[in-house]
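Right, one structure below, let's go through it.
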Amino acid sequence: MRGAVERTAGAGGVAGKVMPMREAVAAFVHDGDTVSLEGFTHLIPTAAGHEIIRQGRRDLTVVRMTADIVVDQMLAAGCVTRLVSSFVGNSSAGSLGELRRRIEHADPEPLAFEEYSHYGMVCRYVAGAQRLPFHPLRSYAGSDLPSVNPGIRKVTSPYPAADGSTEEIYVVPPVHPDVTFIHAQRADRRGNTQIWGLTGVQAEAVYAARKAVVVVEELVADEVIRADPNRTLVPAHAVDAVVLCPRGAHPSFAQGYYDRDNAFYRAWSAISKDPVRLRGWLEEWVYGTADHAAYVAKLGEEFWAGLAVGEAPSGPVDYGRRL
Amino acid sequence: MRGAVERTAGAGGVAGKVMPMREAVAAFVHDGDTVSLEGFTHLIPTAAGHEIIRQGRRDLTVVRMTADIVVDQMLAAGCVTRLVSSFVGNSSAGSLGELRRRIEHADPEPLAFEEYSHYGMVCRYVAGAQRLPFHPLRSYAGSDLPSVNPGIRKVTSPYPAADGSTEEIYVVPPVHPDVTFIHAQRADRRGNTQIWGLTGVQAEAVYAARKAVVVVEELVADEVIRADPNRTLVPAHAVDAVVLCPRGAHPSFAQGYYDRDNAFYRAWSAISKDPVRLRGWLEEWVYGTADHAAYVAKLGEEFWAGLAVGEAPSGPVDYGRRL
Amino acid sequence: MSGDPTGSTRPVTSSELLSVVAARELAGRRTVFAGIGLPTLATELARLTVAPGLEVVYESGVCGAHPSHLPETIADAVLITGAEAVVSMATLFGSVLQGGHIDVGFLGAAQIDRWGNLNTSVIGEWESPSVRLPGSGGAVEVMANAREVFVVMRRHTPRSFADVLDFCTTPGPDRALADGIRPLGAGVTRVITELGVLARAGAGDELRLVAVHPGVSVEQVRAATGWELKTADRLATTDPPTSAELRLLRDDVDPNRVYLR
Amino acid sequence: MSGDPTGSTRPVTSSELLSVVAARELAGRRTVFAGIGLPTLATELARLTVAPGLEVVYESGVCGAHPSHLPETIADAVLITGAEAVVSMATLFGSVLQGGHIDVGFLGAAQIDRWGNLNTSVIGEWESPSVRLPGSGGAVEVMANAREVFVVMRRHTPRSFADVLDFCTTPGPDRALADGIRPLGAGVTRVITELGVLARAGAGDELRLVAVHPGVSVEQVRAATGWELKTADRLATTDPPTSAELRLLRDDVDPNRVYLR
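Protein chains in written order, with the working numbering: chain B, 1 to 323; chain L, 1001 to 1323; chain A, 2001 to 2261; chain H, 3001 to 3261.
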């Protein structure tokens, strides 16, 4: 059972929270760990996944609702022996070649797979965040999923249903990742993290974890965060490390910063279908780049210009001040 | 069991959502109903409570986490026979005279009281919003509350605890108010509602209810809402009526609009201690005002100037647009 | 409308037909949970025709989108900018979907059976499948909680319209009842394919052929279905898309023919 | 520091003493869940002295407040403007508190017993009380989930330090265990009163007198306590507030003496 005591944060720990990705992965990801990477299509922490590959972590359990390109890459790099997920596909753009080889042919090795639905995963994170022994949900009745996933169980409600009958409901267990990585638009040096656009399950995934690393497009002054406290999705007390890593969500997008690289999503189906080509891609783009800044530079400014977005400011609200 | 079909909203219903408070209370509050009024210290829907008093509703079950001044007033007006709450006091400013007379002396009549804790109430709203038969929480173990509240029950977790033992946890049942009233800073004519500052349990209370009325300081153009979709706490599909009622949260406050009337909170303890004085207050300020606009006017502009706040703009974020 | 310059006299494609038929089924509905592709076309056309106030909710958490461009994914940035609300997954699945606010959910599947149960997990055995499919996503939740579900299948084959599913990812209400749990919605009520429309009323009822598209025979549909497909007492022939429907679809909804393949 | 112009040589009030003692107990703590009044003074003083990085979380949902004025309620508008985060009640109670992020919670009570169980519901029988009190608020949750709980009681009387509670609103870990549920925190570990400091280590331990304030005798405290109060082996006398502590409290924390009554 996790507790606040495990956090790095707090008195004296503030300055120490900001660190390079290399240091964050070295400090918070160990062989055999359960690692959550969250971001639903938006703000996928790709750069974190790449650094885990570079550092050669092994035997990881990866928890991710939509296991997509970054998971396929981590699988191909041999980091992952177990996957907990509710969608294993390349978005709507096709297949994950490595994942399919692992599951369909145990090639090059088997992959243990815990299959849930999206809300099942959300409820596992919520239960983890809230230290609940289980979370009920109105899914799975009649599904074959409980027959292949012993984690999905039933509870009898202690309250009668409207018609007086006894009511059963499925439940899922909490998940407590050793570490959760999320990507966000901005945070302050203490880890107060602001996200806009799709917010997914990021806050719950952070609160469910024993340690949490927030990767951001921008590290901003305290005043920027404090001007809009309702925008803070993850408060500092839940964050152990802040990593500044612009464009770290590519090929996914960061609302207001850069658009999704749909061409790469489409290309991945072909790249990943051929294990030699996939490993060549990893050599060139992950092992062959020292860090994400090198990956960004290798893509080139012309490429990034193609993903640039125009401005659409939200307009302010007034928090008021005592006169 | 509530369903989307009960909503007024949707095709053709948009124009009909904006209505005066009188019409909203007449349409959505009936004798014997369960009525939720939410807003945790901030944005308390006082004007809605006053209109319920004016229209003489009877036999209501009121659901409100912090039963404070507006509940004491509704009790004194004879509207309420049952209260579901987790805090029955005049904030930190003293007692609720009518509530204490009702509970301590059944004077002038008894009050049925379902006592919970704050998180128990939050979980009841969450379970209501999510159509769950119950919601677990790590509260109540060893408390006398379950002995006086049969709604608080226990469930055995189907997962073993860390030490292999069987784990029990308390649960609370869902609440499904016939109608929920909340107060908010602004909404559009469809009911998309934006709240900042303390957001309390408003979204869950709206989703838990069969009907929902949003009372706002400002009715704004669609473009204002759409410039910042993350600020929308309650989407239009959950809202049945939008009531424009500036300063409708007095004596509580609306962040960025007006401050809390602390003097009135302090005064209420003395007013409510004397049943004659309390009924005199109702005569003058509720029955004696045609509507909340009249109440606001009676307080006078000089009074409102005393609660005025200065500006503290949030600063915008950039949502971006495709080039 | 002769001499229409937008080409509404061009032959109707299968995608166009499916979009128009699905759009008509949305008449009077208020909220729809839609994926990208044909459901996008159907809901956008419905908003312009039979369901003007229709609110589209996306699995990504977007409610009331007003996109500047046709979205390429359910999380496309253009769906967020200018939307009425964006909510977290917990709110989307918990309060909006499980809370009972969705009238119609659109789902797809690799396999569907006569009761409207769906398989999106595997072809073959789950433990060692011949094809690993993406899995549920939110499909289990859409089926369990939406008042009804529409399925749009471009291809109508005995393999996809299966007598017995390889795996039931997403159960309809009959399987839920057999599991001892009362379902909240009717499950799949409409299946719209390249050949016609199948329908069922809810728990206890099986999918029946209620309409064939122009030029399609009942025997064709039965041959393409993996179970003994029953036919409604009054079998209809789909009304072809009107020129107005086609013009809206081609000129306003998808002028670049992103999904109108 | 003789001739201090801010008046730190003025007599120390009971409020000042309680605030200073409570502040010292917060040494090294990172997160505190505090109400308004003496806890506000204690936490603000601790931030200026023994716990510089201390984050105060309010029941209203405010994390990391930087108020322009001393707040008058836990929901005061000045706590929100300039705060680091504001979260919903569901997140506050679910993820922050039940999630295990609070080191110390401050609670008050009408009655406390030797095990640190609290009554804030009724004096008399619950069904027909002689005094109806406000009830739990979030106290049940603070006790169940904070790592430890501090109680500050201005008045130390046999009625409030009760042998048997009229009603147990907020149970400590011993009652939780008796109910078959493993508690997550230690319950009440410090009770700071006008007379001295009581302490207990956690489940199985009862409150003992560990310090008396200057000029207070053990017998005075025992007489003011409704149960047979045990005394620690090494009973201390509270160190009086230093001039530095008093100066910070009087000049910086509460210059208008809102809570320093």
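We put the beta carbon where it would ideally sit given N, CA and C, even for glycine.
Tell me which residue opens and which closes the alpha helix (DSSP H) that residue i is part of.
i: residue 298 (chain B); result: 292-299
i: residue 3020 (chain H); result: 3014-3025
i: residue 3048 (chain H); result: 3038-3048
i: residue 3177 (chain H); result: 3173-3178
i: residue 1023 (chain L); result: 1021-1028
i: residue 3243 (chain H); result: 3243-3247
Could you tell me which residues DSSP puts in a beta bridge with residue i?
i: residue 3196 (chain H); result: H:3212
i: residue 219 (chain B); result: B:187
i: residue 85 (chain B); result: B:115
i: residue 1321 (chain L); result: B:310
i: residue 194 (chain B); result: B:186, B:232
i: residue 3190 (chain H); result: H:3150, H:3199
i: residue 211 (chain B); result: B:179
i: residue 2225 (chain A); result: None; residue 2225 (chain A) has no bridge partner.
i: residue 18 (chain B); result: B:242
i: residue 2170 (chain A); result: A:2118
i: residue 34 (chain B); result: B:61
i: residue 3161 (chain H); result: H:3112
Could you please give the first and the last residue of the uninterrupted beta strand (DSSP E) stretch that includes residue i?
i: residue 2153 (chain A); result: 2148-2153
i: residue 2235 (chain A); result: 2230-2237
i: residue 1172 (chain L); result: 1168-1172
i: residue 309 (chain B); result: Counting along the chain, residue 309 (chain B) falls outside any beta strand (DSSP E), and DSSP gives it neither H nor E.
i: residue 3055 (chain H); result: 3055-3057
i: residue 3032 (chain H); result: 3031-3033
Thinking C-beta only, is residue j closer than 8 Å to residue i?
i: residue 58 (chain B); j: residue 36 (chain B); result: no
i: residue 249 (chain B); j: residue 39 (chain B); result: yes
i: residue 3062 (chain H); j: residue 3080 (chain H); result: yes
i: residue 18 (chain B); j: residue 277 (chain B); result: no
i: residue 3167 (chain H); j: residue 3122 (chain H); result: yes
i: residue 3041 (chain H); j: residue 3249 (chain H); result: yes
i: residue 318 (chain B); j: residue 1313 (chain L); result: yes
i: residue 2035 (chain A); j: residue 2106 (chain A); result: yes
i: residue 1195 (chain L); j: residue 1233 (chain L); result: yes
i: residue 3056 (chain H); j: residue 3026 (chain H); result: no
i: residue 343 (chain B); j: residue 259 (chain B); result: In the structure as shown, chain B starts at 1 and stops at 323, and residue 343 (chain B) therefore has no counterpart that could be examined.
i: residue 3022 (chain H); j: residue 3152 (chain H); result: yes
i: residue 1269 (chain L); j: residue 1095 (chain L); result: yes
i: residue 2139 (chain A); j: residue 2120 (chain A); result: yes
i: residue 2158 (chain A); j: residue 2020 (chain A); result: no
i: residue 3261 (chain H); j: residue 3095 (chain H); result: no
key: Those runs of the beta strand (DSSP E) which lie wholly inside the region 3059-3142 of chain H and span at least 3 residues   = Listed in chain order, they are 3104-3107, 3122-3124, 3129-3132.
inquiry  = Going residue by residue through the region 1036-1083 of chain L, where are the continuous beta strand (DSSP E) segments of at least 3 residues, counting only ones entirely within it?
reply    = 1060-1063, all fully within the region 1036-1083 of chain L.
ask   = Mind pulling the alpha helix (DSSP H) runs of 4 or more residues that sit fully within the region 1216-1285 of chain L?
value = Whole alpha helix (DSSP H) segments, 4+ residues: 1222-1226, 1262-1273, 1275-1282.
query = Which ranges would you report for the alpha helix (DSSP H) in the region 90-156 of chain B if only whole runs of at least 4 residues count?
reply = Entirely contained in the region 90-156 of chain B, the alpha helix (DSSP H) runs reaching 4 residues are, in chain order, 97-105, 118-129, 145-148.
key: Any 3 or more C-beta pairs closer than 8 Å across the region 2047-2064 of chain A and the region 2081-2088 of chain A   = Contact holds: three or more Cβ-Cβ distances are below 8 Å.
Segment contact flag, the region 1146-1158 of chain L with the region 1103-1110 of chain L, C-beta cutoff 8 Å, min 3 pairs = No, the region 1146-1158 of chain L does not touch the region 1103-1110 of chain L.
ask   = Touch check for the region 2169-2181 of chain A and the region 135-149 of chain B: three-plus C-beta pairs under 8 Å?
value = Contact between the region 2169-2181 of chain A and the region 135-149 of chain B is present: three or more C-beta pairs spanning the two stretches fall below 8 Å.
message = Is it the case that the region 1260-1280 of chain L contacts the region 1067-1075 of chain L, given that we only count it when at least three CB pairs across the two stretches are under 8 Å?
response = Yes, they touch.
message = Check whether the region 1285-1302 of chain L and the region 1043-1054 of chain L are in contact - that is, three or more C-beta pairs closer than 8 Å.
response = Because the criterion of three Cβ pairs below 8 Å is met, the region 1285-1302 of chain L and the region 1043-1054 of chain L touch.
request  = Would you check if there are 3 or more beta carbon pairs closer than 8 Å linking the region 3182-3192 of chain H to the region 3201-3208 of chain H?
outcome  = In this structure the region 3182-3192 of chain H touches the region 3201-3208 of chain H; the number of beta carbon pairs closer than 8 Å is three or more.
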